[in-house]
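Asker: Before I ask anything, let me first share the structure, which is written out below as structure tokens.
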Amino acid sequence: VAVHLDATRAPLPSTGEVVLLVGTRKGAFFLRSDRTRTDWQLHGPHFLGNIVHHAVLDPRDGRTILVAARTGHLGPTIFRSTDLGETWQEAATPPRFPKAAEGETGRKMQHVFWLAPGHVSEPGVWYAGVAPQGLFRSEDAGVTWEGVAGFNQNANLVNVDMQDVPPGAATFSGIIVDPRDARHMYIGLSGIGVFESTDQGASWLPLNKGCQADWPLEDPDYGYDTHCLRLHPLSPDRLYQQNHCGIYRLDRAEGQWVRIGEAMPRETGDIGFPIVLHPRDPDTAWVFPMDGTSVWPRTNVAGKPAAYVTRNAGETWTRQDNGLPRQQAWWNVKRQGMSVDAHDPIGVYFGTTNGEVWGSRDEGQTWTCLVRDLPEVFSVEAAELA
Amino acid sequence: MKVRVPTHLRAYIGSAEVEARGASLDEALADLDRRYAGVRFRIVDEQDDIREHIKIFVNRRQVLTLATPLHPTDTIQIVAALSGG
Numbered sequence: 007v008a009v010h011l012d013a014t015r016a017p018l019p020s021t022g023e024v025v026l027l028v029g030t031r032k033g034a035f036f037l038r039s040d041r042t043r044t045d046w047q048l049h050g051p052h053f054l055g056n057i058v059h060h061a062v063l064d065p066r067d068g069r070t071i072l073v074a075a076r077t078g079h080l081g082p083t084i085f086r087s088t089d090l091g092e093t094w095q096e097a098a099t100p101p102r103f104p105k106a107a108e109g110e111t112g113r114k115m116q117h118v119f120w121l122a123p124g125h126v127s128e129p130g131v132w133y134a135g136v137a138p139q140g141l142f143r144s145e146d147a148g149v150t151w152e153g154v155a156g157f158n159q160n161a162n163l164v165n166v167d168m169q170d171v172p173p174g175a176a177t178f179s180g181i182i183v184d185p186r187d188a189r190h191m192y193i194g195l196s197g198i199g200v201f202e203s204t205d206q207g208a209s210w211l212p213l214n215k216g217c218q219a220d221w222p223l224e225d226p227d228y229g230y231d232t233h234c235l236r237l238h239p240l241s242p243d244r245l246y247q248q249n250h251c252g253i254y255r256l257d258r259a260e261g262q263w264v265r266i267g268e269a270m271p272r273e274t275g276d277i278g279f280p281i282v283l284h285p286r287d288p289d290t291a292w293v294f295p296m297d298g299t300s301v302w303p304r305t306n307v308a309g310k311p312a313a314y315v316t317r318n319a320g321e322t323w324t325r326q327d328n329g330l331p332r333q334q335a336w337w338n339v340k341r342q343g344m345s346v347d348a349h350d351p352i353g354v355y356f357g358t359t360n361g362e363v364w365g366s367r368d369e370g371q372t373w374t375c376l377v378r379d380l381p382e383v384f385s386v387e388a389a390e391l392a
Numbered sequence: 214m215k216v217r218v219p220t221h222l223r224a225y226i227g228s229a230e231v232e233a234r235g236a237s238l239d240e241a242l243a244d245l246d247r248r249y250a251g252v253r254f255r256i257v258d259e260q261d262d263i264r265e266h267i268k269i270f271v272n273r274r275q276v277l278t279l280a281t282p283l284h285p286t287d288t289i290q291i292v293a294a295l296s297g298g
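Protein chains in written order, with our numbering: chain A, 7 to 392; chain B, 214 to 298.
This is how it looks when you write it as structure tokens:
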């Protein structure tokens, strides 16, 4: 597969301290290590008792952290820190849907799910994807938020009938800004698919050709269940997605998604939640397969957890389970639960539904458990400290 | 009127009981939100419905709407409903 690389954007490997921002069912935790990535210190919990779907450090300043939180009783909000989590403030106006006109049924936000910093040319811009599906934008680093009308009022994207079907409401699977152009965006949506905007969210077009769906579709452009969407920053016309119905790669010049999960071992399959990319190699990606057979138990496959890596854009896959439990380990990794750092070799990390965080300093060849006994892990984001 | 505050909201209000003003529950919660920014949206959603697991009592009787009229001598109790196993 031909890939055009813009060598001027190729980053040098990172050499600094690494922090893992871990969102869990009961709060946020930070795991910090020096450059050797051998000794990890656990910090937290922050917001104990809050359901934290996502905690993200702004790569543009290396200091601002946003946290998407709610509790079982209290409504959803966003907390923010500008000093790496030393102190926190709540967003002055967190995302919320507009109040409906008299006699109409309004939408109610269940939780903030996916946080994404905006383009490097727009410091302070962030996006938030919420459930039921809504898109919000902040221009002041998360203090105030406004709905993106082109998304939130788009009947094709926010079909109310399906929004309440999944437990906790339909949610996001990615918000991506093209590193070449702040107005060019992609989003991934559970139950609907991948969409593209060239006008910073004012309008959206479906981008699902080649994807499969194991259910009838009224409109072949809509109805695909994207679990995790990634774009490669060095090859911004290449996207990958882990979908409910397989693993896919899209090279825009080819025009349609290719099911690269067909090359996975048949006994493992290509169902799962997360997919992450090597920051300097657009042909390398990791997934963490789960059991997509029978009743979809949402465990790893056969109680024998393993990551799989491709080094050739999905032509072949290699199992990576050295150091992981060999049997009877029934946890899973959620869609935001896997991440990579930018060191050389790449560090790969994932958090599990039974509260462990695992890491590899050698691109997945060997795994070490970094921490146990946390609450259920929803998200892991590896970041470099400023 | 008095407002009794559950532990869940102490990060905002800081004490178990505060005074609020207003001729309705809506006005009383707006008064609290002016002084304790953000607290209203944690217990009332964007359609002005009391959140599913929050219950509000006025003089020991549960109320279901923000339009509930209030008198200065009333006592409001905000309760985080018991749930889970």
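We put the CB at the ideal spot given by N, CA and C, even for glycine.
Computed from a prediction, not measured in an experiment: that's the story for all the values here.
1. Determine whether the beta carbon atoms of A:Glu390 and A:Ala348 lie at a separation below 8 Å.
2. Opposite A:Tyr228 in the DSSP bridges: which residues?
3. Can you find a C-beta in chain B that's less than 8 Å from the C-beta of A:Arg102?
4. If I follow the unbroken beta strand (DSSP E) through B:Glu230, where does it start and stop?
5. Could you pull out every unbroken beta strand (DSSP E) segment of at least 3 residues lying fully inside the segment 218-267 of chain A, listed in chain order?
6. Thinking C-alpha only, which one of A:Lys32, A:Leu27 and A:Arg31 is nearest A:Arg38?
7. Could you check if A:Val318 is buried or exposed, using at least 16 other CB atoms within 10 Å of its CB as the buried criterion?
8. Tell me which residues share the same chain as A:Ser127 and place their Cβ nearer than 7 Å to its Cβ, disregarding the 5 neighbours each side in the sequence.
9. Give every residue of the same chain whose Cβ lies closer than 7 Å to the Cβ of A:Ala269, excluding the five residues on either side of it in the sequence, and list them in chain order.
10. Three or more C-beta pairs closer than 8 Å, one from the segment 149-164 of chain A and one from the segment 92-102 of chain A: is that the case here?
11. Looking at the structure shown, is A:Ala8 part of a helix, part of a strand, or coil, going by DSSP?
12. So, are the CB atoms of B:Ile263 and B:Leu277 less than 8 Å apart?
13. Quick one: which unbroken beta strand (DSSP E) runs of 3-plus residues sit fully inside the segment 61-136 of chain A? Chain order, please.
14. Would you say A:Thr77 reaches chain B, if we count a Cβ-Cβ gap shorter than 8 Å as a contact?
15. In this structure, how does DSSP classify A:Gln169 when only helix, strand and coil are distinguished?
16. For A:Glu92 and chain B, any beta-carbon pair shorter than 8 Å?
17. Can you give me the C-alpha to C-alpha distance between A:Gly174 and A:Gln139, rounded to a whole angstrom?
18. Can you find a heavy atom of the ligand ADP that lies under 7 Å from the Cβ of A:Asn249?
19. Pair every Cβ in the segment 296-307 of chain A with every Cβ in the segment 235-248 of chain A, then say whether three or more of these pairs are closer than 8 Å.
20. Do you know offhand how far B:Arg223's Cα is from A:Met191's?
21. Under 8 Å by Cβ, that's how I've got A:Thr88 and A:Arg69 pegged, so tell me the actual separation to the nearest angstrom.
22. Name the two residues that bound the continuous alpha helix (DSSP H) containing A:Asp156.
23. Skipping 5 residues on each side, what residues in its chain have a beta carbon closer than 8 Å to that of B:Ala258?
24. Starting from B:Ala241, trace the alpha helix (DSSP H) in both directions and tell me its first and last residue.
25. Check whether the Cβ of A:Thr324 lies closer than 8 Å to any Cβ atom in chain B.
26. Quick one: which chain B residues come within Cβ less than 8 Å of A:Thr83?
27. Do we get a CB-CB distance below 8 Å when we pair B:Gln275 with the residues of chain A?
28. Go ahead and pull the three-state DSSP assignment for A:Ile181.
29. In whole angstroms, give me the CA-to-CA distance for A:Asp257 and A:Val264.
30. Reducing DSSP to helix, strand and coil, say where A:Ala269 ends up.
31. Would you mind working out which of A:Arg244, A:Pro172 and A:Thr274 sits nearest A:Pro285, comparing C-alpha positions?
32. Could you tell me the alpha carbon to alpha carbon distance between A:Thr77 and A:Gln116, rounded to whole angstroms?
33. Where does A:Arg325 fall in DSSP's three states?
34. Contact check, A:His49 vs A:Leu121 under 8 Å by CB: the rounded distance?
35. Between A:Pro242, A:Ile281, A:Pro226 and A:Leu54, which lies nearest to A:Arg186 when the distance is taken from Cα to Cα?
36. Could you say which of A:Lys32, A:His125, A:Thr30 and A:Arg31 lies nearest to A:Asp64 if we only look at CA atoms?
Answerer: In this structure, then:
1. Position 384 of the first sequence, counted from the start, is the residue given in the question as residue 390 of chain A. Position 342 of the first sequence, counted from the start, is the residue given in the question as residue 348 of chain A. A contact, by the Cβ cut-off of 8 Å.
2. Position 222 of the first sequence holds residue 228 of chain A. The partner list for A:Tyr228 (beta bridge, DSSP) is empty, contrary to what the question assumes.
3. Indexing the first sequence from 1 puts residue 102 of chain A at position 96. At a cut-off of 8 Å between beta carbons, A:Arg102 contacts chain B.
4. Counting from one through the second sequence, the residue named residue 230 of chain B turns up at place 17. Counting along the chain, the beta strand (DSSP E) containing B:Glu230 begins and ends at Glu230 to Glu232.
5. You should have 232-238, 241-249 and 252-257.
6. Here residue 38 of chain A refers to the residue found at position 32 of the first sequence. A:Arg38 has its Cα closest to that of A:Leu27, out of A:Lys32, A:Leu27 and A:Arg31.
7. As a position in the first sequence, residue 318 of chain A is number 312, starting the count at 1. As written in the sequence, residue 318 of chain A is Asn, which differs from the Val given in the question. Flag for A:Asn318 reads exposed.
8. Position 121 of the first sequence, counted from the first residue, corresponds to residue 127 of chain A. Excluding sequence neighbours, A:Ser127 sits near Ala188.
9. What you label residue 269 of chain A is simply residue 263 of the first sequence in a count that begins at 1. For A:Ala269, where only same-chain residues beyond five positions count, the Cβ hits under 7 Å are Gly320, Glu321, Thr322 and Trp323.
10. Below 8 Å, enough C-beta pairs join the segment 149-164 of chain A and the segment 92-102 of chain A to call them touching: three or more.
11. Working through the first sequence from its first residue, we reach residue 8 of chain A at position 2. For A:Ala8, the pLDDT reaches just 47, beneath the cut-off of 50, and the residue's location in the model is therefore unreliable, leaving the point undetermined.
12. If you number the second sequence from 1, residue 263 of chain B lands on position 50. If you number the second sequence from 1, residue 277 of chain B lands on position 64. Closer than 8 Å, so yes.
13. 71-76, 83-87 and 117-123
14. Locating residue 77 of chain A in the first sequence gives position 71, counting from the first residue. Answer yes: the Cβ-Cβ gap between A:Thr77 and chain B drops below 8 Å somewhere.
15. Stepping through the first sequence from its first residue, residue 169 of chain A is reached at position 163. If DSSP states are grouped into helix, strand and coil, A:Gln169 belongs with the helices.
16. Position 86 of the first sequence, counted from the start, is the residue given in the question as residue 92 of chain A. It does not; no Cβ of chain B falls within 8 Å.
17. Along the first sequence, one-based indexing puts residue 174 of chain A at 168. Along the first sequence, one-based indexing puts residue 139 of chain A at 133. C-alpha separation (whole angstroms): 11 Å.
18. With respect to small molecules bound, the structure shown includes none, and the ligand ADP cannot be examined in it.
19. No contact exists between the segment 296-307 of chain A and the segment 235-248 of chain A.
20. To locate residue 223 of chain B, count along the second sequence from 1; it is residue 10. To locate residue 191 of chain A, count along the first sequence from 1; it is residue 185. Roughly 40 Å between the two C-alpha positions.
21. Taking the first residue of the first sequence as position 1, residue 88 of chain A is located at position 82. Taking the first residue of the first sequence as position 1, residue 69 of chain A is located at position 63. Rounded, the Cβ-Cβ distance is 6 Å, consistent with contact.
22. As a working note, residue 156 of chain A is residue 150 in the first sequence. Here residue 156 of chain A is Gly; the residue named in the question, Asp, does not match the sequence. Per DSSP, A:Gly156 belongs to the alpha helix (DSSP H) from Ala155 to Asn158.
23. Translated into positions along the second sequence, residue 258 of chain B becomes position 45. Here residue 258 of chain B turns out to be Asp, not Ala, going by the sequence shown. Sequence-distant partners of B:Asp258 (beyond 5 residues in either direction) whose C-beta falls short of 8 Å from its own C-beta, in its chain, are Arg264.
24. Along the second sequence, read from residue 1 onward, the residue named residue 241 of chain B stands at position 28. Leu238 to Arg248 is the span of the alpha helix (DSSP H), which, as asked, contains B:Ala241.
25. Here the question's residue 324 of chain A lines up with position 318 in the first sequence. With 8 Å as the cut-off, A:Thr324 does not count as an interface residue toward chain B.
26. Indexing the first sequence from 1 puts residue 83 of chain A at position 77. Under the 8 Å cutoff, chain B gives Gly251, Phe254 and Arg255.
27. Indexing the second sequence from 1 puts residue 275 of chain B at position 62. No, because no Cβ of chain A sits closer than 8 Å to the Cβ of B:Gln275.
28. Position 175 of the first sequence, counted from the start, is the residue given in the question as residue 181 of chain A. Here A:Ile181 sits in strand by DSSP.
29. To locate residue 257 of chain A, count along the first sequence from 1; it is residue 251. To locate residue 264 of chain A, count along the first sequence from 1; it is residue 258. Taking the straight line joining both Cα atoms gives about 9 Å.
30. Reading the first sequence from its first residue, position 263 is the one you call residue 269 of chain A. It is helical.
31. On the first sequence, residue 285 of chain A is found 279 positions in, with the first residue counted as 1. Taking only the C-alpha atoms, the option nearest A:Pro285 is A:Arg244.
32. Position 71 of the first sequence holds residue 77 of chain A. Position 110 of the first sequence holds residue 116 of chain A. When rounded, the separation of the alpha-carbon atoms in A:Thr77 and A:Gln116 is 11 Å.
33. For this step, residue 325 of chain A is matched to residue 319 along the first sequence. If DSSP states are grouped into helix, strand and coil, A:Arg325 belongs with the strands.
34. Your numbering for residue 49 of chain A matches position 43 in the first sequence. Your numbering for residue 121 of chain A matches position 115 in the first sequence. Actually they are not in contact, since the Cβ atoms of A:His49 and A:Leu121 sit about 19 Å apart, beyond 8 Å.
35. Within the first sequence, the letter at position 180 stands for residue 186 of chain A. Of A:Pro242, A:Ile281, A:Pro226 and A:Leu54, the residue nearest in Cα terms is A:Pro242.
36. Within the first sequence, residue 64 of chain A is the residue found at index 58, counting from 1. Cα-wise, what sits closest to A:Asp64 is A:His125.
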